[in-house]
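Sequence order for the protein chains is A and B. Just so it is clear: in the first sequence, position 1 is 2 by the working numbering, and no numbers are missing. Just so it is clear: in the second sequence, position 91 is 243 by the working numbering, and no numbers are missing.
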Amino acid sequence: AQRVTQPEKLLSVFKGAPVELKCNYSYSGSPELFWYVQYSRQRLQLLLRHISRESIKGFTADLNKGETSFHLKKPFAQEEDSAMYYCALTGQGGSEKLVFGKGTKLTVNP
Amino acid sequence: DAMVIQNPRYQVTQFGKPVTLSCSQTLNHNVMYWYQQKSSQAPKLLFHYYDKDFNNEADTPDNFQSRRPNTSFCFLDIRSPGLGDAAMYLCATSGGWGQHFGDGTRLSIL
């Protein structure tokens with residue numbers, strides 16, 4: 002069964018502190034993993050995908066197949082990072098349906 | 153430049169009165185999706201089109217239908233909306249490298 006688990010519904014940190022949003026997945030095969038972000042009153046948008054191995058807005062995420070995890074990290078959080086973050090997976094090819102986690106609401110306090 | 157456009161942004165309908173939500177895309181992607189997102193929840197896939205092939209999720213109520221007359225447009229029809237159908241409806245497209253979302257249509261039921 003395909004499943005994405007984000008154990009933290011809410012996460013609050015202070016500006017400048019490191020932040021890690023956890024994501025674990027269950028998938029029989031080799032999935033593609035994504036992080037999507039939804040800022041207040043804005044559309045859901047792609048933040049990162051594991052195959053690109055890129056850093057966007059200071060965020061990185063490494064796929065750990067042994068632990069079936071895809072945690073999102075940023076060394077120094079900014080207030081503008083406050084948003085809802087969704088981890089998601091799809092089968093390889095990128096055009097199959099996304100399975101979303103329930104999301105983590107990140108609040109970065111001044 | 154909006155690439156996935158949803159109209160209207162806000163839709164109010166009466167209990168039981170049919171309503172249609174529309175989505176258009178300028179990306180020429182072959183896959184289009186409709187999601188339902190209720191407050192503080194992850195998007196839930198209702199159905200998707202791969203070109204003209206319609207794929208319904210097993211738990212999508214029969215009350216929800218979709219049409220895709222051409223590559224650019226996709227419609228969500230709710231035949232007899234109930235109070236539980238009040239939600240944000242998201243349209244997304246995919247060309248193989250992650251999904252692109254529209255701003256959504258917020259549906260209210262009176």
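Yeah, the Cβ is synthetic: ideal placement off N, Cα and C, and Gly gets one too. Please read all numbers here as calculations on a predicted model, not as lab measurements.
Distance cutoff 9 angstroms, beta carbons only. Does residue i sit that close to anything in chain B?
i             : result
residue 77/A  : no
residue 59/A  : no
residue 4/A   : no
residue 95/A  : With a pLDDT of 49 at residue 95/A, under the threshold of 50, the predicted position of this residue should be treated as unreliable, and no value is reported.
residue 107/A : no
residue 90/A  : no
Residues of chain A with a CB under 7 angstroms from the CB of residue i: which are they?
i             : result
residue 253/B : 44, 45 and 46
residue 168/B : Result: empty, since nearest Cβ-Cβ is about 30 angstroms, beyond 7 angstroms.
So with CB distances below 8 angstroms, who are the chain B contacts of residue i?
i             : result
residue 11/A  : Here the premise fails: no neighbours, minimum Cβ distance about 10 angstroms.
residue 103/A : 193 and 194
Give me the Cα-Cα distance between residue i and residue j, rounded to the nearest whole angstrom.
i             : j             : result
residue 71/A  : residue 214/B : 35 angstroms
residue 200/B : residue 43/A  : 23 angstroms
residue 156/B : residue 180/B : 10 angstroms
residue 95/A  : residue 236/B : At residue 95/A, the pLDDT of 49 sits below 50, so the modelled position is not reliable; the number obtained from the coordinates is stated separately. For residue 95/A and residue 236/B, the distance between alpha carbons rounds to 31 angstroms.
residue 21/A  : residue 5/A   : 16 angstroms
residue 12/A  : residue 87/A  : 13 angstroms
residue 230/B : residue 33/A  : 32 angstroms
residue 84/A  : residue 189/B : 16 angstroms
residue 204/B : residue 41/A  : 34 angstroms
residue 238/B : residue 59/A  : 36 angstroms
Beta-carbon of residue i versus every beta-carbon of chain A: anything under 9 angstroms?
i             : result
residue 185/B : yes
residue 228/B : no
residue 193/B : yes
residue 244/B : yes
residue 207/B : yes
By a C-beta neighbour count over all protein chains shown, 10 Å radius and 16 as the cutoff for buried, is residue i buried or exposed?
i             : result
residue 242/B : buried
residue 2/A   : exposed
residue 82/A  : buried
residue 49/A  : buried
residue 251/B : buried
residue 166/B : exposed
residue 185/B : buried
Starting from the C-beta of residue i, find all residues in its chain whose C-beta is less than 8 angstroms away, skip the five residues before and the five after it, and write them out in chain order.
i            : result
residue 19/A : 74, 75, 76, 77 and 78
residue 89/A : 5, 34, 35, 36, 37, 99, 100, 101 and 102
List, in order along the chain, the chain B residues whose C-beta lies closer than 9 angstroms to that of residue i?
i            : result
residue 30/A : Those do not exist, as residue 30/A stays about 17 angstroms from chain B at its closest Cβ, beyond 9 angstroms.
residue 15/A : Result: empty, since nearest Cβ-Cβ is about 24 angstroms, beyond 9 angstroms.
residue 87/A : 194 and 195
Less than 7 angstroms between C-beta atoms, sequence neighbours within five positions excluded: which residues of the same chain meet that for residue i?
i             : result
residue 224/B : 176 and 177
residue 46/A  : 37 and 38
residue 69/A  : 25, 26 and 27
residue 160/B : 257
Which residues in chain A have a C-beta closer than 9 angstroms to the C-beta of residue i? List them in chain order.
i             : result
residue 234/B : By Cβ distance, chain A contributes nothing, its closest Cβ being about 24 angstroms from residue 234/B, past 9 angstroms.
Can you find the residues in the same chain that come closer than 6 angstroms, C-beta to C-beta, to residue i, ignoring five residues on each side of it along the sequence?
i             : result
residue 208/B : 199
So which residues on chain C does residue i lean against when the C-beta distance must stay under 9 angstroms?
i            : result
residue 54/A : Of the protein chains in the structure, A and B, none is chain C.
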